[in-house]
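Peer 1: Residue numbers (the working numbering): 93 to 262.
One structure, as structure tokens, below. Some questions next.
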């Protein structure tokens, strides 16, 4: 039978310490490799399970693109409340977003969107709309209305701008 001294002496370079260091280094490398593999394999699925983080990242990536403009067609024509300097408002509206899904959703829900916009436009006072502040206030009201409808429809993304491309009062 060979005793331990004979085995240790058979290792090139000699010594028990070197054998222990080689074995420890091998175990350490295997442990690090397994840990790295687990991190990469489990790390990707762990993120997909967290909906809030994944949605926020996806929305941020989408909003980095080019702006998307949606023309709300046909032009809106409404009667204004009586007693003002104008009796009718004709306005063409375009909406800007960075998320194509927002534009698609607004287009798919056009009848509902137009209904709410017509109701909003009919409530406007002609005297207020003759000033820049009145027009900006109307833009903000349309922006809020569309944002609320997108939230109701649970669509990620937001409206970045509302633009009047035609604005006529008579």
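Here a beta-carbon is modelled for each residue, glycine too, at the ideal position from N, C-alpha and C.
In whole angstroms, give me the CA-to-CA distance for residue 249 and residue 240.
Peer 2: Their Cα atoms are separated by approximately 12 Å.
Peer 1: In whole angstroms, what separates the C-alpha of residue 254 from that of residue 200?
Peer 2: About 18 Å.
Peer 1: Can you grab the Cα-Cα spacing for the pair residue 221 / residue 261, in whole Å?
Peer 2: About 9 Å.
Peer 1: Here's a check: name, in chain order, each residue in its chain whose Cβ is nearer than 8 Å to the Cβ of residue 121, leaving out the five neighbours to either side.
Peer 2: The answer is none, since no qualifying residue turns up.
Peer 1: I need the straight-line Cα distance from residue 207 to residue 179, nearest angstrom please.
Peer 2: Taking the straight line joining both Cα atoms gives about 20 Å.
Peer 1: Alpha carbon to alpha carbon, how far is residue 166 from residue 191?
Peer 2: Going by the C-alpha atoms only, they are around 22 Å apart.
Peer 1: Are the CB atoms of residue 213 and residue 170 within a distance shorter than 7 Å?
Peer 2: Yes, they are a contact pair.
Peer 1: According to the Cβ coordinates, are residue 195 and residue 258 closer than 7 Å?
Peer 2: Going by C-beta atoms, residue 195 is not nearer than 7 Å to residue 258.
Peer 1: Using C-beta distances below 6 Å, list every residue in its chain close to residue 234, excluding the 5 sequence neighbours before and after it, in chain order.
Peer 2: Excluding positions up to five away in sequence, the list reads 254.
Peer 1: Could you work out which residue in 215, 107, 128 and 197 is closest to residue 251 when comparing CA atoms only?
Peer 2: Residue 251 has its Cα closest to that of 197, out of 215, 107, 128 and 197.
Peer 1: Quick check: what's the CA-CA separation for residue 114 versus residue 193?
Peer 2: The straight-line gap from Cα to Cα measures roughly 58 Å.
Peer 1: What are the boundary residues of the alpha helix (DSSP H) that includes residue 39?
Peer 2: Since the displayed the chain opens at 93 and closes at 262, residue 39 lies outside it and no answer follows.
Peer 1: Assuming residue 210 and residue 256 make a contact with CB atoms under 8 Å, what is their CB distance in whole Å?
Peer 2: About 15 Å; that fails the 8 Å criterion.
Peer 1: Whose CA, out of 217, 187, 230 and 107, lies closest to the CA of residue 161?
Peer 2: Residue 187 is the option with its Cα nearest to residue 161.
Peer 1: Just to confirm, is the Cβ distance from residue 176 to residue 232 under 7 Å?
Peer 2: No, they are not a contact pair.
Peer 1: Does the beta-carbon of residue 230 have 16 or more other beta-carbons within 10 angstroms, so that it is buried, or is it exposed?
Peer 2: Buried.
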